[in-house]
Structures are given as C-alpha cells and as structure tokens.
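K.L.:
Numbering (the UniProt record's numbering), first residue to last: 1 to 132.
No residue lacks a Cβ here, since even glycine has one placed at the ideal position from N, Cα and C.
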C-alpha cells in the first residue's frame, strides 16, 4: 500500500472509531474510551508533571509495537512524549485506564518509527498510575 493510501485508510479508521458507542473526543482530534475509572479526584498531570503509567501501543491492524506490561511502568516527564499522550494524559486522573486513539498528526506524523509506518493512527491502552 502506498504511503498516501495508508495514511488515508488510517484517517478513515479513526473517523469510524469516533462513531462507536462510548468513544469520546478531546482536543486535537484525539478520541478515547474509558476502560476503568480511577480516583476521579480532579487531579490531572500538567505538561511538566512526571507521570507513571503502564501502556500498550498498537497500530490499527492490531500489531503491537510497544508495551510496558510485564516490566517496569513508564516514568517520564509528560512534555517529553508525543503530543497525543500529552493531550490525553492531561485529561486523566490516577487510576484511569483508557484506550486512546491518536491521529498521525499528534503521533509521529509522516515519519516512520520501528514497527510504526508513517501516517499511522496510534492506539494506546494507557493506565495512569501516578503523578509527581
């Protein structure tokens, strides 16, 4: 599949996903589905917060490209991650577990990464474990 066609298929997939029951939109054209409610205490990470999270990343064909499960959770300053994570995680509370659908423009854009072709919509299952 050509790059332009692949990017188009990914955009169409995201538009269809957005119509599913339980899928909500946040800024940046990012969508998510709540898998588990957390504390709901109104405390959210900021861009400068250090977040601790478990995650699994997949492309729309279901191919897993990364995961922290089975190992140590990710602990990183939020602003050091892709835009899609920064935007989504600022909406989350500790204990929330979401499936997040990130358009390519808020992920890696037209650039390929190991296991991720350029133009990919990214699917992440993210559980926010802590905010520092």
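1) According to DSSP, simplified to helix, strand and coil, what is residue 72?
2) Taking the alpha carbon of residue 29 as the point to measure from, which residue in 120, 106, 113 has its own alpha carbon closest?
3) Taking a contact to mean a Cβ-Cβ separation below 9 Å, would you say residue 36 touches residue 95 in this structure?
4) Kindly give me the distance between the Cβ atoms of residue 135 and residue 116, rounded to whole angstroms, as I take these residues to be in contact under 8 Å.
5) From which residue to which residue does the beta strand (DSSP E) around residue 100 run?
6) Are residue 89 and residue 38 closer than 9 Å when you measure CB to CB?
7) Do you know offhand how far residue 87's Cα is from residue 24's?
8) What are the uninterrupted segments assigned as beta strand (DSSP E) that are 3 or more residues long and contained completely in the region 5 to 29, given in chain order?
9) In this structure, does DSSP put residue 132 in helix, strand or coil?
P.N.:
Result, derived from the coordinates:
1) Here residue 72 carries a coil assignment [DSSP, helix/strand/coil].
2) The shortest Cα separation from residue 29 among 120, 106, 113 belongs to 106.
3) If you check the CB distance, residue 36 and residue 95 come in under 9 Å.
4) Residue 135 falls outside the range modelled here, since the chain spans only 1 to 132, and no answer is possible.
5) Judged by DSSP secondary structure, residue 100 falls within the beta strand (DSSP E) whose first and last residues are 97 to 102.
6) For residue 89 and residue 38, no; Cβs fall outside 9 Å.
7) The C-alpha of residue 24 is placed about 14 Å away from the C-alpha of residue 87.
8) Complete beta strand (DSSP E) runs here, min 3: 23 to 26.
9) Here residue 132 sits in coil by DSSP.
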